[in-house]
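Right, one structure below, let's go through it.
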Amino acid sequence: MALNKNQLSKVSNLNSVTGAAASRQIWHYDAGADSVATAVAAGYFNDVRGYLFAGDVIHLVAAGGTAFRVLTVTAAPKSGNVTVAAAAFS
């Protein structure tokens, strides 16, 4: 299935306490019935590329609410595919 823009919500901007210009964002996305594998595929987030930046974090709920992953946006180019990677926890 395709990304549903209505299910993407910005949770927060992470601004540096030192006032550095670059900030990261935290997002929440409910992928509905889409699987984690579908949501992490290159290009899945292309329709919202204008909002995402490399380094942003997406909290992903997938597979009808049975799966949760923390994703990091690895690339959000003006053209080409938006890519994400699932965070590895140890």
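Taking the numbering used here, I'd label the letters of the sequence shown as residues 4 to 93. For every residue, glycine included, the Cβ atom is placed at its ideal position computed from N, Cα and C.
- Within the DSSP bridge table, the entry for S15 names I29 as partners.
- Collapsing the DSSP output to three states places V51 in a helix.
- With a 10 Å radius around the Cβ and a threshold of 16 neighbouring Cβ atoms, F92 comes out exposed.
- In the structure shown, T86 adopts extended strand secondary structure according to DSSP, grouped into three states.
- Excluding sequence positions up to five before and after G53, its CB lies less than 6 Å from no other CB in the same chain.
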